[in-house]
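In our numbering, the protein residues as written are 18 to 82. Let me begin by presenting the structure, written as C-alpha cells, before commenting on it.
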Amino acid sequence: MNNTFFLIKVSVIAGAMGFIMSFLVNYLALPVPQSVFNNAIGNGISGFMGGFMGLLMYLKKSHKT
18 MNNTFFLIKV SVIAGAMGFI MSFLVNYLAL PVPQSVFNNA IGNGISGFMG GFMGLLMYLK
78 KSHKT
C-alpha cells in the first residue's frame, strides 16, 4: 500500500511539472492568436498526463525487477 502511494505521489509531481512546462511553452513561446489561454490549458493537461503516465509506468517497471 505504501509503495502505491509513493508511485502516485511522485507521478503527480511529474505530471504537475509536465503541465507547467507545456503551459508555459504554449502560452509564452508558441502562442496561437485566437485562444492562447485555452490552447495552453489543453496542452498543459496533455503535458500532465504525459508526465504522470510516463513516470508511473517507468517506476512500476523498475520496482518489479
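Glycine included, each C-beta is placed from N, C-alpha and C at the ideal position. These numbers come from a predicted model, not from an experiment.
| Item | Value |
| --- | --- |
| Grab me the residues of K77's own chain with a C-beta within less than 7 Å of its C-beta, minus the 5 sequence neighbours each way, in chain order. | L24 |
| Give the straight-line distance between the Cα atoms of M66 and S79, rounded to the nearest whole angstrom. | 20 Å |
| Is G71 near F36, with beta carbons less than 8 Å apart? | no |
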